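Asker: Please read through the structure below; I'll follow up with questions.
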Amino acid sequence: MHELQTTSTVRCGEHHAGRVSGDLAPGEDLQAISEVLRHASEQARHGEVPLLCHEELEPSAAPAAREAGRRRLQQDLCSGLLKRFAIRVTTAAGERIVKIAEVNTLGGRLLGLCGVSRGRREHELHRRALALEVAAVRTLGFLELRRGPLLIRSCQVQEPLSDDTVPLAVLLTRELLAHGPVAAESLGRALALTHRLPFFHSDLKPFHTFADHIHSDSGGPAQYRLRFIDLDHVAFWMSRRKRIINLYQTLRYILPDDPETQARFVTAYCAASGWYDNAPERGLAIVRRFLEHKLRTHPYP
15 MHELQTTSTV
25 RCGEHHAGRV
35 SGDLAPGEDL
45 QAISEVLRHA
55 SEQARHGEVP
65 LLCHEELEPS
75 AAPAAREAGR
85 RRLQQDLCSG
95 LLKRFAIRVT
105 TAAGERIVKI
115 AEVNTLGGRL
125 LGLCGVSRGR
135 REHELHRRAL
145 ALEVAAVRTL
155 GFLELRRGPL
165 LIRSCQVQEP
175 LSDDTVPLAV
185 LLTRELLAHG
195 PVAAESLGRA
205 LALTHRLPFF
215 HSDLKPFHTF
225 ADHIHSDSGG
235 PAQYRLRFID
245 LDHVAFWMSR
255 RKRIINLYQT
265 LRYILPDDPE
275 TQARFVTAYC
285 AASGWYDNAP
295 ERGLAIVRRF
305 LEHKLRTHPY
315 P
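Structure representation (structure tokens):
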């Protein structure tokens, strides 16, 4: 990576005026990404650029559901509820995913004065995840738009997902149909391996989770490693609470609501991680109590 020189101000109104700086990989299209950073928020509000929604990453989502997801994000952006969004753009270096973060709170502006931006932070977290081989795509850098010392918005630039990237939900559905509840044991071992790195993703959902290094021995359930996107809220240390959160999220959002499938998942996780490995039923009871608590206090996803 190399440090960028400040670009010249684009004179198209005070809203767009400012200085762009940051760090992009060699060969990236600085001009195109700078223009996206300057103008994409206004263009997205007017529907001139489509927003990427979670439904885009769900293979089973119908076109109508994806369009509804994009409209919902656009409405939230217009009402000021959406602080961060992503778009796909074509640059001279190829297609890129640009994740844009608006700065419209006092805390964000104060952090900006200290040289901290969400784009810069996610880029650094993404680089650490790449070093651990848990990131599903490469980060290609970040840019920041400033007006004087004030941070206006920032962005992180990523490669798009490759066509051969396998969403965990697709793989898991296929494996459960072929092998039944025992297939959940592979997921338990894969999550334990991730935690041993250590790596924690605070929002373990199907649209954030992928698999690679997929192989099967003697026709049994596939073994694989987990890969992730949306790396803005991750940690590189584990705790008891973090462990339980990821196990709860897997039961709630990823696995089917089937007691045997969930029990096999947690039991395999305990054996592979060393957490309650001598009493996996206790680990399962802890996770199920936490799940019941979350379903009562946060009934909606």
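Each residue of the sequence shown is one higher than the one before, counting from 15 in my numbering. Idealized CB from N, CA, C, for every residue including glycine. Please read all numbers here as calculations on a predicted model, not as lab measurements.
1. Should Leu124 be labelled buried (16 or more other beta-carbon atoms within 10 Å of its own) or exposed?
2. If I measure Cβ to Cβ from Asp291 and keep anything under 7 Å in the same chain, skipping five residues before and after, which residues do I get?
3. Along the alpha helix (DSSP H) that carries Gly83, what are the first and last residues, could you check?
4. Between the alpha carbons of Ser131 and Pro220, how many angstroms are there, rounded?
5. Where DSSP assigns a beta bridge to Phe213, which residues make up the other side?
6. Using CA coordinates, which residue listed in Arg86, Leu95, Ile111 is at the minimum distance from Asp43?
7. With distances taken between CB atoms, is the gap from Ala198 to Ser287 smaller than 8 Å?
8. What separation, rounded to the nearest whole angstrom, lies between the Cα atoms of Glu56 and Ala204?
9. Would you report the Cα separation of Arg266 and Pro181, rounded to the nearest angstrom?
10. Helix, strand or coil for Leu269 per DSSP?
11. Could you tell me whether the Cβ atoms of Arg167 and Leu51 are closer together than 8 Å?
12. Grouping DSSP H, G and I as helix and E and B as strand, with all else coil, what is Cys128?
Answerer: In short, the structure shows the following:
1. Counting from one through the sequence shown, the residue named residue 124 turns up at place 110. Leu124 is exposed by the Cβ-count criterion.
2. Reading the sequence shown from its first residue, position 277 is the one you call residue 291. Cys284, Ala285, listed in sequence order.
3. The residue you call residue 83 lines up with position 69 of the sequence shown. Run containing Gly83: 77-92, per the alpha helix (DSSP H) assignment.
4. Walking along the sequence shown from the start, residue 131 turns up at place 117. Walking along the sequence shown from the start, residue 220 turns up at place 206. Spanning the two alpha carbons is a distance of roughly 27 Å.
5. To locate residue 213, count along the sequence shown from 1; it is residue 199. DSSP output for Phe213 lists no bridge partner at all.
6. Position 29 of the sequence shown, counting from 1, holds the residue named residue 43. Residue Ile111 is the option with its Cα nearest to Asp43.
7. Within the sequence shown, residue 198 is the residue found at index 184, counting from 1. Within the sequence shown, residue 287 is the residue found at index 273, counting from 1. Taking 8 Å as the Cβ cut-off, Ala198 and Ser287 do not qualify as a contacting pair.
8. Position 42 of the sequence shown, counting from 1, holds the residue named residue 56. Position 190 of the sequence shown, counting from 1, holds the residue named residue 204. Computed Cα separation, rounded: 41 Å.
9. To locate residue 266, count along the sequence shown from 1; it is residue 252. To locate residue 181, count along the sequence shown from 1; it is residue 167. One C-alpha to the other measures close to 17 Å.
10. Taking the sequence shown and counting its residues from 1, the one referred to as residue 269 is at position 255. Here Leu269 sits in coil by DSSP.
11. Start at 1 with the first residue of the sequence shown, and residue 167 comes out as number 153. Start at 1 with the first residue of the sequence shown, and residue 51 comes out as number 37. Yes, the pair counts as a contact, with Cβ atoms nearer than the cut-off.
12. On the sequence shown, residue 128 is found 114 positions in, with the first residue counted as 1. Here Cys128 sits in coil by DSSP.
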